[in-house]
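Undergrad: Okay, here's the structure, questions in a sec.
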Amino acid sequence: MNNTWNRRVLDGAANYETRNTWNRRVLDGAANYETRNTWNRRVLDGAANYETRNTWNRRVLDGAANYETRNTWNRRVLDGAANYETRNTWNRRVLDGAANYETRNTWNRRVLDGAANYETRNTWNRRVLDGAANYETRNTWNRRVLDGAANYETRKTFQVELDVCLDELL
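Under this note's numbering, the letters of the sequence shown match residues 2 to 171, in that order.
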(Lines of atoms letter the chains of each structure in order from A and count residues from 1; the text may use other names and numbers.)
(Lines give C-alpha, C1' and ligand atoms only; values in the text may rest on other atoms or scores of the structure.)
Protein backbone atom coordinates (compact mmCIF):
# COMPACT_ATOMS: atom_id res chain seq x y z
CA MET A 1 0.00 0.00 0.00
CA ASN A 2 2.78 2.40 0.99
CA ASN A 3 4.77 1.62 -2.16
CA THR A 4 1.71 2.13 -4.35
CA TRP A 5 0.93 5.46 -2.71
CA ASN A 6 4.58 6.59 -2.94
CA ARG A 7 4.76 5.62 -6.59
CA ARG A 8 1.62 7.62 -7.36
CA VAL A 9 3.00 10.64 -5.51
CA LEU A 10 6.29 10.34 -7.43
CA ASP A 11 4.40 9.90 -10.71
CA GLY A 12 2.41 13.02 -9.89
CA ALA A 13 5.66 14.88 -9.19
CA ALA A 14 7.13 13.63 -12.48
CA ASN A 15 4.01 14.78 -14.33
CA TYR A 16 4.25 18.13 -12.59
CA GLU A 17 7.87 18.48 -13.76
CA THR A 18 6.94 17.44 -17.29
CA ARG A 19 4.08 19.94 -17.42
CA ASN A 20 6.33 22.69 -16.08
CA THR A 21 8.99 21.92 -18.69
CA TRP A 22 6.40 21.95 -21.46
CA ASN A 23 4.87 25.20 -20.19
CA ARG A 24 8.29 26.80 -19.96
CA ARG A 25 9.03 25.85 -23.58
CA VAL A 26 5.72 27.36 -24.68
CA LEU A 27 6.43 30.56 -22.75
CA ASP A 28 10.00 30.71 -24.12
CA GLY A 29 8.58 30.41 -27.63
CA ALA A 30 6.15 33.24 -26.88
CA ALA A 31 9.02 35.35 -25.51
CA ASN A 32 11.04 34.76 -28.68
CA TYR A 33 7.99 35.70 -30.75
CA GLU A 34 7.65 38.96 -28.80
CA THR A 35 11.37 39.70 -29.20
CA ARG A 36 11.26 39.08 -32.93
CA ASN A 37 8.19 41.29 -33.30
CA THR A 38 9.88 44.11 -31.39
CA TRP A 39 13.01 43.81 -33.51
CA ASN A 40 11.01 43.71 -36.75
CA ARG A 41 9.02 46.77 -35.71
CA ARG A 42 12.25 48.67 -35.05
CA VAL A 43 13.58 47.70 -38.48
CA LEU A 44 10.33 48.81 -40.13
CA ASP A 45 10.32 52.09 -38.19
CA GLY A 46 13.91 52.71 -39.30
CA ALA A 47 12.97 52.00 -42.91
CA ALA A 48 9.96 54.34 -42.66
CA ASN A 49 12.18 57.09 -41.24
CA TYR A 50 14.72 56.51 -44.00
CA GLU A 51 11.99 56.84 -46.65
CA THR A 52 10.58 59.96 -45.02
CA ARG A 53 14.01 61.62 -44.85
CA ASN A 54 14.77 60.71 -48.46
CA THR A 55 11.42 62.06 -49.63
CA TRP A 56 11.89 65.28 -47.69
CA ASN A 57 15.47 65.73 -48.95
CA ARG A 58 14.42 65.10 -52.54
CA ARG A 59 11.70 67.75 -52.30
CA VAL A 60 14.17 70.28 -50.89
CA LEU A 61 16.66 69.53 -53.70
CA ASP A 62 13.90 69.76 -56.32
CA GLY A 63 12.85 73.10 -54.84
CA ALA A 64 16.47 74.32 -55.02
CA ALA A 65 16.75 73.22 -58.66
CA ASN A 66 13.54 75.09 -59.52
CA TYR A 67 14.85 78.15 -57.70
CA GLU A 68 18.05 78.10 -59.80
CA THR A 69 16.09 77.70 -63.03
CA ARG A 70 13.80 80.61 -62.18
CA ASN A 71 16.77 82.81 -61.30
CA THR A 72 18.50 82.02 -64.61
CA TRP A 73 15.36 82.82 -66.57
CA ASN A 74 14.77 86.06 -64.63
CA ARG A 75 18.38 87.14 -65.17
CA ARG A 76 18.06 86.68 -68.94
CA VAL A 77 14.88 88.76 -68.97
CA LEU A 78 16.55 91.46 -66.91
CA ASP A 79 19.63 91.46 -69.18
CA GLY A 80 17.42 91.94 -72.25
CA ALA A 81 15.56 94.75 -70.51
CA ALA A 82 18.81 96.55 -69.69
CA ASN A 83 18.71 98.10 -73.19
CA TYR A 84 15.50 99.87 -72.21
CA GLU A 85 16.63 101.21 -68.86
CA THR A 86 15.08 104.64 -69.09
CA ARG A 87 11.65 103.78 -70.31
CA ASN A 88 11.26 100.45 -68.58
CA THR A 89 12.84 101.07 -65.18
CA TRP A 90 9.52 101.76 -63.53
CA ASN A 91 7.78 98.83 -65.29
CA ARG A 92 10.59 96.42 -64.41
CA ARG A 93 10.37 97.34 -60.76
CA VAL A 94 6.65 96.65 -60.77
CA LEU A 95 7.16 93.33 -62.57
CA ASP A 96 10.03 92.29 -60.29
CA GLY A 97 7.88 92.99 -57.26
CA ALA A 98 5.09 90.85 -58.72
CA ALA A 99 7.57 88.08 -59.65
CA ASN A 100 9.04 88.07 -56.15
CA TYR A 101 5.58 87.94 -54.65
CA GLU A 102 4.70 84.93 -56.84
CA THR A 103 8.01 83.22 -56.09
CA ARG A 104 7.62 83.68 -52.35
CA ASN A 105 4.05 82.39 -52.46
CA THR A 106 5.07 79.36 -54.51
CA TRP A 107 7.97 78.57 -52.17
CA ASN A 108 5.83 79.00 -49.06
CA ARG A 109 3.10 76.81 -50.49
CA ARG A 110 5.61 74.04 -51.20
CA VAL A 111 6.99 74.26 -47.68
CA LEU A 112 3.47 74.12 -46.23
CA ASP A 113 2.55 71.19 -48.48
CA GLY A 114 5.65 69.38 -47.31
CA ALA A 115 4.70 70.04 -43.70
CA ALA A 116 1.15 68.79 -44.34
CA ASN A 117 2.51 65.60 -45.90
CA TYR A 118 4.86 65.15 -42.94
CA GLU A 119 1.92 65.46 -40.52
CA THR A 120 -0.17 63.02 -42.55
CA ARG A 121 2.61 60.45 -42.63
CA ASN A 122 3.21 60.84 -38.90
CA THR A 123 -0.49 60.37 -38.18
CA TRP A 124 -0.62 57.26 -40.33
CA ASN A 125 2.54 55.80 -38.76
CA ARG A 126 1.20 56.52 -35.28
CA ARG A 127 -2.02 54.65 -36.07
CA VAL A 128 -0.03 51.66 -37.30
CA LEU A 129 2.10 51.69 -34.16
CA ASP A 130 -0.99 52.07 -31.96
CA GLY A 131 -2.49 49.05 -33.69
CA ALA A 132 0.70 47.09 -32.99
CA ALA A 133 0.60 48.18 -29.34
CA ASN A 134 -3.01 47.01 -29.05
CA TYR A 135 -2.04 43.69 -30.61
CA GLU A 136 0.75 43.27 -28.04
CA THR A 137 -1.59 44.17 -25.18
CA ARG A 138 -4.21 41.69 -26.33
CA ASN A 139 -1.60 38.96 -26.65
CA THR A 140 -0.32 39.64 -23.13
CA TRP A 141 -3.83 39.58 -21.68
CA ASN A 142 -4.71 36.35 -23.52
CA ARG A 143 -1.53 34.69 -22.31
CA ARG A 144 -2.39 35.57 -18.71
CA VAL A 145 -5.88 34.10 -19.12
CA LEU A 146 -4.42 30.91 -20.61
CA ASP A 147 -1.83 30.67 -17.82
CA GLY A 148 -4.65 30.97 -15.28
CA ALA A 149 -6.61 28.23 -17.07
CA ALA A 150 -3.52 25.98 -17.11
CA ASN A 151 -3.05 26.48 -13.37
CA TYR A 152 -6.71 25.66 -12.79
CA GLU A 153 -6.40 22.43 -14.78
CA THR A 154 -3.22 21.45 -12.91
CA ARG A 155 -4.85 22.05 -9.54
CA LYS A 156 -7.91 19.99 -10.52
CA THR A 157 -5.75 17.07 -11.70
CA PHE A 158 -3.68 17.09 -8.52
CA GLN A 159 -6.83 17.25 -6.36
CA VAL A 160 -8.35 14.23 -8.15
CA GLU A 161 -5.15 12.21 -7.75
CA LEU A 162 -4.94 13.17 -4.08
CA ASP A 163 -8.58 12.15 -3.51
CA VAL A 164 -7.90 8.74 -5.08
CA CYS A 165 -4.86 8.22 -2.87
CA LEU A 166 -6.81 9.18 0.25
CA ASP A 167 -9.67 6.83 -0.69
CA GLU A 168 -7.24 3.95 -1.03
CA LEU A 169 -5.61 4.72 2.31
CA LEU A 170 -8.97 4.75 4.04
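In this text, a Cβ means the ideal position worked out from N, Cα and C, and glycines have one as well. All values reported here derive from a predicted model rather than from experimental measurement.
Evaluate contact between the segment 65-72 and the segment 129-143, counting only Cβ atoms and requiring at least three cross-stretch pairs below 8 Å.
TA: Cβ pair count under 8 Å is below three, so no.
Undergrad: Report the three-state DSSP secondary structure of L96 (helix, strand or coil).
TA: Within the sequence shown, numbered from 1, the residue matching residue 96 stands at position 95. It is helical.
Undergrad: Can we say the segment 109-119 touches the segment 57-70, given the rule of at least three CB pairs closer than 8 Å?
TA: A contact exists between the segment 109-119 and the segment 57-70.
Undergrad: Measuring straight from C-alpha to C-alpha, what distance separates V146 and Y153?
TA: The residue labelled residue 146 in the question sits at position 145 within the sequence shown. The residue labelled residue 153 in the question sits at position 152 within the sequence shown. Those two C-alpha atoms are separated by around 11 Å.
Undergrad: DSSP three-state label for L11, please.
TA: Reading the sequence shown from its first residue, position 10 is the one you call residue 11. Three-state result, L11: helix.
Undergrad: If you reduce the DSSP assignment to three classes, tell me which class L28 lands in.
TA: Residue mapping note: residue 28 aligns to position 27 of the sequence shown, counting from 1. Here L28 sits in helix by DSSP.
Undergrad: Going by DSSP in three states, L171 sits in which element: helix, strand or coil?
TA: Numbered from 1 along the sequence shown, position 170 holds the residue referred to as residue 171. Three-state DSSP puts L171 in coil, outside helix and strand.
Undergrad: Do R139 and A31 have their C-beta atoms within less than 8 Å of each other?
TA: Indexing the sequence shown from 1 puts residue 139 at position 138. Indexing the sequence shown from 1 puts residue 31 at position 30. Not a contact, by the Cβ cut-off of 8 Å.
Undergrad: Going along the chain, which residues of its own chain have a beta-carbon closer than 7 Å to the beta-carbon of F159, five neighbours each way excluded?
TA: The residue given as residue 159 occupies position 158 in the sequence shown. These residues qualify, in order along the chain: G13.
Undergrad: Whole angstroms are fine: how far does the CA of E120 sit from the CA of R94?
TA: Counting from 1 along the sequence shown, the entry for residue 94 is found at position 93. Counting from 1 along the sequence shown, the entry for residue 120 is found at position 119. Between R94 and E120, the C-alpha separation is close to 39 Å.
Undergrad: Check this for me: beta carbons of E162 and R8, under 8 Å apart or not?
TA: Numbered from 1 along the sequence shown, position 161 holds the residue referred to as residue 162. Numbered from 1 along the sequence shown, position 7 holds the residue referred to as residue 8. Cβ distance not < 8 Å, so E162 and R8 don't count as in contact.
Undergrad: Would you mind giving the Cβ-Cβ distance between T53 and R122, rounded to the nearest angstrom? I have them listed as a contact below 8 Å.
TA: If you number the sequence shown from 1, residue 53 lands on position 52. If you number the sequence shown from 1, residue 122 lands on position 121. At roughly 6 Å, the Cβ-Cβ gap stays under 8 Å, so T53 and R122 are in contact.
Undergrad: Between R26 and T19, what straight-line distance do the alpha-carbon atoms span, to the nearest angstrom?
TA: By 1-based counting over the sequence shown, the position of residue 26 is 25. By 1-based counting over the sequence shown, the position of residue 19 is 18. Roughly 11 Å separates the two Cα atoms.
Undergrad: So with Cβ pairs under 8 Å, would you call Y102 a contact of chain C?
TA: The chain inventory of the structure shown lacks chain C, comprising one protein chain alone.
Undergrad: By Cβ distance, which residues of its chain are closer than 7 Å to N21, with the 5 residues on each side in sequence left out?
TA: Start at 1 with the first residue of the sequence shown, and residue 21 comes out as number 20. Excluding positions up to five away in sequence, the list is empty.
Undergrad: Does the distance from the CB of E169 to the CB of W23 come in under 8 Å?
TA: For the purposes of this step, residue 169 is identified with residue 168 of the sequence shown, where counting begins at 1. For the purposes of this step, residue 23 is identified with residue 22 of the sequence shown, where counting begins at 1. No. Outside cutoff.
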